[in-house]
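Protein chains: 2
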Amino acid sequence: MRKDYLLTPGPSIIPSSIRKVLGGEIIHHRTEEFGKILQEVNEGLKYIFCTQNPVVILTSSGTGAMEAAVSNFLSSKDKVIVVSGGKFGQRWAEISYAYGLEVIPYNIEWGKAPSPEFIGDLLKKNKDVKAVFTTLCETSTGTVYDIEGIASFLKEKDTILIVDAISGLGQDRLLTDAWGVDVVISGSQKGFMLPPGLAFLSVSKKAESFLAHSNLPKYYFDLKKALKSYYKPDTPFTPAISLIMGLREALKVIKKEGREKLWEKFARLSLATREAAKSIGLKIFSQRPSSSVTAVVSPQKIKSSELVKRLRQKYGVSLAGGQSHLKDKILRIAHMGAVGEQELIICFSILEKGLREMGYNEFETGASLKKLEEVLYA
Amino acid sequence: MRKDYLLTPGPSIIPSSIRKVLGGEIIHHRTEEFGKILQEVNEGLKYIFCTQNPVVILTSSGTGAMEAAVSNFLSSKDKVIVVSGGKFGQRWAEISYAYGLEVIPYNIEWGKAPSPEFIGDLLKKNKDVKAVFTTLCETSTGTVYDIEGIASFLKEKDTILIVDAISGLGQDRLLTDAWGVDVVISGSQKGFMLPPGLAFLSVSKKAESFLAHSNLPKYYFDLKKALKSYYKPDTPFTPAISLIMGLREALKVIKKEGREKLWEKFARLSLATREAAKSIGLKIFSQRPSSSVTAVVSPQKIKSSELVKRLRQKYGVSLAGGQSHLKDKILRIAHMGAVGEQELIICFSILEKGLREMGYNEFETGASLKKLEEVLYA
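Chains A and B are the protein sequences, given in the same order. Okay, so the first sequence: first residue is 55 according to the numbering used here, each after it adds one. Okay, so the second sequence: first residue is 55 according to the numbering used here, each after it adds one.
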């Protein structure tokens, strides 16, 4: 009889209209029919990425697109700034090292956001920096970075800004072209309400001009090939056809709701989540909380990993614990894609129950639900 | 009212029992529940790969796994033999060049199969060859290669045999361990009756020992990471969860039918296809036809690309034309995965119709169906 409530920061809930497409019959990808689907999807991606530049589709998880950004836009020993304040900033550094780039690390405490001015200073001191790698929403800490601020220091420079927006896109505001972000990366299993398996990568004119000089090896993730196919429209290798068919459906839903409305909605949902958590005595981990995922500090005597396990196994509510050194310290509640008010209400109701079962009682019963209603229905 | 009949060499038909799973609700991948699915899937893959070694799952098309084989088992300037007798042999060469390997090309005429003895001679002349790259079923020509014969020349040598079995696995017999094949690669959208998006790669003990020495850059396709996760079981990056859930269902179907039975079935289906084609005056392109896909030479005055378009658009029967220089010359009929007698009967009935419409009349009406029945129901 158990139902499942998915509030993890990827995968996220898939609406039944999209699941219906995913479970439909497959079609061949080298056909006019699929070409039309690609055309529609390409337009939809530009909309949600806020760009007039191409957004290529790769069949991989988001990490594949991150690797593509490193191996296509740069060359061995190129100097890059890598902002790292969580697991996914670290991933930029790991990929950069794997390809022999010269990394200028800008490490910040987990839960904090980088200072755009500091990056500006680094760029002044290092005139030959080819790229800045950073993150829109650092999923591991629930922190949104000031991408507009960072981008302002790269204008008119021969440096490209590459942003991992895998978990942030669709919830956290990101004006790719208006702010001057060269490469934005996302994945299918978060704001796009799809299963994992697709990654997206936007390419500015400036970034495209970097492709010609790169000397790093690549094949499956070769963006020159991907862009060449993009304009047909086609893909260089067999794509995840059913996911792309689902993507068309998802983009229809997104366009109908409107990107600005979505940013407002998730700002409200995340505010409600923070206020609800505080109303039962829990602290917010991030100093610059994102609209996509909220990291809550677990009560001192409760290991968040155990709480997460209990909520999932006993009550079907899936939240995420922490990663790396935060494994037992924080609890992450995602509000992305198809997550709405209803899921947050269920989440906090079960969270109150689980906390009490594990011996944490420092709140009034129903306090978080009252707070949710106050913020959400105001 | 039109229904579609998919006889292309990937994607192939997806049975409704599998589609139901693909359209089901998504679950989180870092859970006990998904761990159990992975465990089951890992066992099933060993069965269909005929190996006791691990078969890792990558979220990509088959080409991603081909790249993984190059970038993980080899180092720059390593000497490798690449067998190329079609588009997918060429792909091995392209990837090898992209990573700076020293390629000894063994180019054969499209439609012919390589000589194991010739490879044996190449190995004698080049003692320092690290790997031989070849193909089980060369999809572009419908040719099956003598992998057992090739493998016999690599025994007791410090050279690994890497086989692209993307379209062949499940139809063309391949005894990975018994023949001594080190790395076998496949993909989800052929014999596995799934949408594209997953690739599989088996790793022998000998191949695993090569991982430590490789100096080529990799991250998303890092097989050391993949193997480390494999034993938990887990995946290093977010996998295509819904496809893996579908894979569990597909492997159940495959196990129930039995791999030996499947090899027999597809040997019979491919024989029937060849005989049916010949009965209406068409020639078979390959000199060593595979059980997975049959390449038929188009009648002289008919461009196969136009015939394919007509059959698909007018009658919903999807076949494939040729690739590269064979674009207008051959017609490819796939018998893989869930394709059965019924689909072949529809295929040839519509093929007869289409051929007549395009001016080819050199056969008796129904001749190919008569032949199909003779072979299939004998």
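Where is the CB? At the ideal position from N, CA and C, for every residue including glycine.
Would you say GLU148 (chain A) reaches chain B, if we count a Cβ-Cβ gap shorter than 9 Å as a contact?
-> yes
Would you give the residue range spanned by the beta strand (DSSP E) that ILE135 (chain B) belongs to?
-> 133 to 138
With PHE88 (chain A) as the anchor, note down where its beta strand (DSSP E) starts and where it stops.
-> Segment 86 to 103 is the alpha helix (DSSP H) holding PHE88 (chain A); no beta strand (DSSP E) there.
TYR153 (chain A) and ILE173 (chain A): beta carbons closer than 9 Å?
-> no
In the DSSP assignment, what are the bridge partners of PRO159 (chain B)?
-> B:VAL136
Determine whether the Cβ of MET120 (chain A) lies closer than 9 Å to any Cβ atom of chain B.
-> yes
Assuming GLY110 (chain A) contacts VAL257 (chain A) under a Cβ cut-off of 8 Å, what Cβ separation, rounded to an integer in Å, is found between them?
-> Rather than Gly, the amino acid found at residue 110 (chain A) in this sequence is Val. Between VAL257 (chain A) and VAL110 (chain A) the Cβ distance is about 7 Å, and since that is below 8 Å, they are a contact.
So SER258 (chain A) is in the alpha helix (DSSP H); what residue range does that whole segment cover?
-> Counting along the chain, SER258 (chain A) falls outside any alpha helix (DSSP H), and DSSP gives it neither H nor E.
Would you mind sorting TYR273 (chain A) into buried or exposed? The rule is 16 or more other CB atoms within 10 Å of its CB.
-> buried
Would you kindly report the start and end of the unbroken alpha helix (DSSP H) that includes PHE402 (chain A)?
-> 395 to 411
Would you call the CB atoms of LEU208 (chain B) and ALA219 (chain B) closer than 9 Å?
-> no
Quick one: any contact between the stretch 260 to 273 of chain A and the stretch 316 to 326 of chain A, if contact means 3 or more CB pairs under 8 Å?
-> no
Does the distance from the CB of GLY391 (chain A) to the CB of ILE239 (chain A) come in under 9 Å?
-> no
Kindly indicate if chain A contains any beta-carbon less than 9 Å away from that of GLN93 (chain B).
-> no
Mind checking which residues open and close the beta strand (DSSP E) that includes ASP218 (chain A)?
-> 214 to 218
Who are the near neighbours of LYS141 (chain B) in its chain, counting only those whose CB is closer than 7 Å to its CB and skipping five residues on each side?
-> SER194, GLN377, SER378
Just mark GLN225 (chain A) as buried or exposed, buried being the case when its beta carbon has 16 or more other beta carbons within 10 Å.
-> buried
Would you give the residue range spanned by the alpha helix (DSSP H) that GLY116 (chain A) belongs to?
-> 116 to 127
Which residues, in order along the stretch 212 to 225 of chain A, keep a beta-carbon less than 7 Å from a beta-carbon of chain B?
-> none
Any C-beta of chain B sitting closer than 9 Å to the C-beta of ASP288 (chain A)?
-> no
Which chain A residues are close to ALA152 (chain B), counting only those with a beta carbon under 9 Å from its beta carbon?
-> PRO271, LYS272, TYR273, ASP276
Looking at the structure shown, is ILE308 (chain A) part of a helix, part of a strand, or coil, going by DSSP?
-> helix
How close, in whole Å, do the beta carbons of ILE404 (chain A) and LEU365 (chain A) come, if the pair is a contact with beta carbons under 8 Å?
-> 6 Å
By the 10 Å Cβ neighbour count, where 16 or more other Cβ atoms means buried, how is TYR414 (chain B) classified, buried or exposed?
-> buried
Cβ pair VAL186 (chain B), ALA167 (chain B) closer than 9 Å = no
Looking at the C-beta of LYS477 (chain A), does it have a partner C-beta in chain B at a distance below 9 Å?
-> Any answer about residue 477 (chain A) is impossible in this case: the structure gives chain A only from 55 up to 432.
Just how far apart, CA to CA, sit ASP175 (chain B) and LYS133 (chain B)?
-> 15 Å
VAL429 (chain B) lies in the alpha helix (DSSP H); which residues open and close that run?
-> 421 to 430
Reduced DSSP secondary structure (H/G/I, E/B, other) of ASP182 (chain A) = coil
Three-state secondary structure (DSSP) of SER263 (chain A) = helix
Would you be able to state if there are at least three C-beta pairs under 8 Å between the stretch 285 to 292 of chain B and the stretch 75 to 90 of chain B?
-> yes
ALA349 (chain B) by DSSP, collapsed to three states: which one?
-> strand
Interface residues of chain A facing LEU60 (chain B) [CB-CB closer than 9 Å] | GLU79, ILE80, ILE81, HIS82
Compile a chain-ordered list of the residues in the stretch 391 to 424 of chain B whose CB is closer than 9 Å to at least one CB of chain A.
-> none
Supposed close pair PHE254 (chain A), ALA119 (chain A) - CB separation, criterion 8 Å = 7 Å
Listed from N- to C-terminal order along the chain, which residues in the stretch 235 to 248 of chain A have their beta-carbon within a distance smaller than 7 Å of any beta-carbon of chain B?
-> GLN243
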